[in-house]
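For the sequence shown, position 276 matches number 284 in this note's numbering, and the numbering has no gaps at all. Idealized CB from N, CA, C, for every residue including glycine. Structure record follows, encoded as structure tokens.
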Amino acid sequence: MATLVDTDRTEARSSSAFTALRNPDFRLFWIGACLSFIGSWVQIVAMGWLVYRITGSKEALGIIGLAGGIPTTVLMLFGGVIADRANKRALVMTTQTIFGLTAFALAALTWTGRIALWHIAVLSFINGVVFAADGPARQAMIVSIVGREDLAGGVALQSAAFNLARVIGPAIGGLLYAAVGPAWCFFINGVSFGAIIIAVALVRTNLSARAEPQNSVWIGLMEGLRYLRSNRLMKSVVSLTAITSVFAFSAYSTLMPAIGKDTLHLSEDRYGWLFSAVGLGSLVGVYLVGQHAAAGRRGRLMFTGALVFAVALFGLTLTRNFAAALVLLFVVGLAAISQLTTANTLTQSLAPDRLQGRAVSVHMFAMAGLQPIGAYLAGSVAQRWGVGATLRIDAAILALYALLLLATRPEVARLE
């Protein structure tokens with residue numbers, strides 16, 4: 009029977025995910041990130057549809073994913089070392105400026121009618137190089153601003169910003185593409201980076217590097233990898249993140265233009281709603297992550313998210329109905345964010361302060377750095393066997409690995 013004390017604890021837990029917003033620096037950073045993410049999703053939707061319109065090839069979708077992801081894969085772990093040593097304010101402002109310039113370049117090439125697949129690949133490659141340093145630095149900024157006590161809430165709210173943008177951005181992107189073409193989508197993304205640049209400039213928290221012996225970047229990287237290798241719990245969390253990224257997240261996101269155009273026969277304006285459904289599910293997932301994290305159930309939530317993700321992805325291959333696809337993609341978003349955000353928090357919680365940047369980079373390497381491999385595999389397999397068969401195989405791999413890990417490392421499910 010619930011007591012008054014139980015009720016008080018429940019109320020405290022329900023609000024804990026949002027306590028980070030009481031910090032004015034984090035609130036400023038969060039608003040800037042949200043506006044920038046909206047622009048990014050406008051571009052993501054426009055670029056995928058443009059590539060598929062230019063080439064008509066599912067493999068080309070994978071090639072663009074590969075071009076943008078390979079530098080991230082190679083450099084992400086070094087990016088974590090840099091994030092630990094550099095002034096995060098200067099680093100993030102520099103990386104966001106470069107992102108803005110590549111978006112403006114895409115807009116100019118599209119406006120002049122010169123855009124070709126190789127232009128998109130080269131600019132995606134540049135963004136991938138920059139993201140290798142930007143991703144760990146932005147994530148590590150969260151713990152610098154809010155501290156460890158509000159880390160779970162800060163990570164969840166950053167995911168909420170990303171996924172709120174995923175609801176709004178694709179809908180805007182699809183409508184803009186249909187109304188005025190892709191160039192305006194790219195231009196708006198370029199402008200949106202100004203929001204986070206201004207926000208980071210105004211943050212008052214000290215974002216200087218943590219003091220540590222200035223060994224070489226390579227030695228710093230090896231130290232982080234040795235810690236990962238010695239920590240069985242962290243290895244298990246990171247491995248599930250990697251499998252989710254390669255065989256689920258990158259597969260459906262890479263093939264979304266083909267799902268929209270060939271499977272569901274959608275126009276540009278309705279295509280954006282597929283991404284918005286994922287984003288809406290992710291927003292609900294962020295709330296659930298906050299509830300369960302505060303209640304000390306992160307390990308179980310991570311496994312549940314992975315298994316539900318696999319089931320929803322499999323279900324997506326069985327429908328040709330737009331409304332049913334939206335429901336399934338809502339579940340995909342909810343499950344994916346539950347797994348990936350919880351894994352992010354666990355990875356950082358299992359690492360000491362001096363390795364925070366490297367812990368973030370390990371998680372982001374598993375989540376984002378390996379996506380180009382999954383993107384290229386998804387595009388290549390779908391070109392030969394079809395989208396449905398590709399997603400069914402990926403869903404089966406994710407489910408089997410999650411169950412195997414749960415059976416062999418049950419202590420991971422008990423992580424709080």
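Under a three-way DSSP split, which group does residue i fall into?
i      : result
His273 : coil
Leu184 : helix
Val211 : coil
Ala219 : Its pLDDT being 47, under 50, Ala219 is placed unreliably in this model, and the value from its coordinates should be taken loosely. Looking at Ala219 - three-state DSSP - the assignment turns out to be coil, as it is neither helix nor strand.
Ala113 : helix
Arg240 : helix
Arg305 : coil
Ala124 : coil
Ser65  : coil
Leu324 : helix
Leu358 : coil
Leu99  : helix
Thr15  : Any reading at Thr15 needs caution, since the residue's pLDDT is 34, under 50, leaving its predicted position unreliable; the model's value is listed next. If DSSP states are grouped into helix, strand and coil, Thr15 belongs with the helices.
Arg417 : coil
Asp189 : Looking at the sequence shown, residue 189 is not Asp but Gly. Coil, per DSSP.
Asn329 : coil
Asn197 : helix
Gly394 : coil
Gly143 : helix
Gly177 : helix
Asn352 : helix
Gly382 : helix
Asn171 : helix
Ala28  : helix
Ala343 : helix
Thr94  : The question names Thr, yet the displayed sequence has Ala at residue 94. Three-state DSSP puts Ala94 in coil, outside helix and strand.
Leu431 : What the structure shows of the chain is the stretch from 9 to 424, and residue 431 is not part of that stretch, so it cannot be assessed.
Gly280 : helix
Report, in whole angstroms, the separation of the C-beta atoms of residue i and residue j, which I expect to be a contact under 8 Å.
i      : j      : result
Ala386 : Gly70  : 6 Å
Thr110 : Leu131 : 5 Å
Gly76  : Phe133 : 6 Å
Leu309 : Ser346 : 6 Å
Met242 : Leu358 : 5 Å
Ala148 : Leu83  : Actually they do not touch by this definition, with Cβ atoms about 16 Å apart.
In whole angstroms, what separates the C-alpha of residue i from that of residue j?
i      : j      : result
Leu354 : Ser247 : 13 Å
Phe45  : Ser261 : 16 Å
Ala179 : Leu114 : 20 Å
Ala219 : Asp92  : Here Ala219 scores only 47 on pLDDT, less than 50, and its place in the model should not be relied on; the value that follows carries that caveat. One C-alpha to the other measures close to 9 Å.
Ala332 : Ser284 : 14 Å
Pro418 : Val50  : 41 Å
Phe257 : Ala410 : 15 Å
Ile78  : Phe34  : 31 Å
Ala390 : Val208 : 41 Å
Ala344 : Val395 : 20 Å
Leu165 : Val294 : 7 Å
His41  : Ile150 : Reading off the sequence shown, one finds Ala at residue 41, where the question assumed His. Computed Cα separation, rounded: 12 Å.
Glu276 : Ala367 : 39 Å
Ala433 : Val340 : In the structure displayed, the chain extends from 9 to 424; residue 433 sits before or after that span and is not available.
Ser65  : Ala168 : 33 Å
Leu183 : Tyr279 : 9 Å
Leu272 : Leu324 : 11 Å
Ile405 : Thr252 : 9 Å
Ile196 : Val420 : 43 Å
Trp119 : Ile206 : 28 Å
His127 : Ala415 : 47 Å
Val137 : Glu67  : 22 Å
Gly56  : Ala186 : 14 Å
Leu172 : Ile52  : 15 Å
Gly73  : Tyr60  : 13 Å
Ser152 : Thr327 : 45 Å
Ala320 : Ile39  : 31 Å
Ala203 : Arg212 : 16 Å
Ile123 : Gln356 : 41 Å
Gly313 : Pro380 : 22 Å
State yes or no: is the C-beta of residue i within less than 8 Å of the C-beta of residue j?
i      : j      : result
Leu263 : Thr80  : no
Leu282 : Gly268 : yes
Ser244 : Leu413 : yes
Ala94  : Phe194 : no
Ala266 : Phe322 : no
Val154 : Asn352 : no
Asp142 : Thr103 : yes
Leu274 : Phe330 : yes
Leu315 : Ala259 : no
Gly162 : Ala28  : yes
Val100 : Ala145 : yes
Arg240 : Leu423 : no
Gly47  : Val199 : yes
Met375 : Leu348 : yes
Gly289 : Leu210 : no
Phe107 : Asn135 : yes
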